[in-house]
Amino acid sequence: MLFICLYWYLQHNHERKFAVVIEHESIEGMSLGKVEELISRRFVVREIRLAESSNCIVHPDDDTVLHHGDHLLIQARPHEIEPIIAFLGQRENTTK
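Everything in the sequence shown is counted per the working numbering, starting at 53 for the first residue and increasing by one.
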């Protein structure tokens, strides 16, 4: 029983990193702070690889403006991941 409880706790409470590409046009030009407000989920964007330059990585704040094609490295709890992806765009296959 302890193993089952521990397994559930680890699956539901430890954050995971995943990458998402912004694909929804409604996100274009929106600040990260506004997106966080609208999505009503707990997550942290660790870095953004800008769509216009695959070599440029930004460590964002609430005022960072998002654009179609930006690649976001996000950290969130497992139960938050799918709703975040659905709101922003599409999950990338590779993460750090």
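From the three backbone atoms N, C-alpha and C, an ideal C-beta is built for every residue, glycine too. All values derive from a computational prediction rather than experimental measurement.
Residue i and residue j closer than 9 Å at C-beta
i: histidine 111; j: isoleucine 74; result: no
i: glutamate 144; j: alanine 71; result: yes
i: aspartate 122; j: alanine 103; result: yes
i: aspartate 113; j: glycine 85; result: yes
Residue i, DSSP secondary structure in three states
i: leucine 140; result: helix
i: lysine 148; result: At lysine 148, the pLDDT of 47 sits below 50, so the modelled position is not reliable; the number obtained from the coordinates is stated separately. Three-state DSSP puts lysine 148 in coil, outside helix and strand.
i: histidine 111; result: coil
i: histidine 123; result: strand
Buried versus exposed, by CB contacts within 10 Å (16 or more), residue i
i: threonine 147; result: With a pLDDT of 45 at threonine 147, under the threshold of 50, the modelled position of this residue cannot be trusted, and the question is left open.
i: valine 96; result: exposed
i: isoleucine 100; result: buried
i: leucine 90; result: exposed
i: isoleucine 126; result: buried
i: isoleucine 109; result: exposed
i: leucine 140; result: buried
Endpoints, beta strand (DSSP E) assigned at residue i
i: isoleucine 79; result: Segment: none, isoleucine 79 is in no beta strand (DSSP E) and carries neither H nor E.
i: glutamate 99; result: 95-101
Reference residue i; option with closest CA among the options
i: arginine 94; options: Gly81, Glu144, Arg143, Arg68; result: Arg68
i: alanine 128; options: Ser92, Met82, Glu80, Ser83; result: Ser92
i: histidine 66; options: Pro130, Ser78, Ile79; result: Pro130
i: isoleucine 136; options: Asn107, Glu88, Val117, Ser106; result: Glu88
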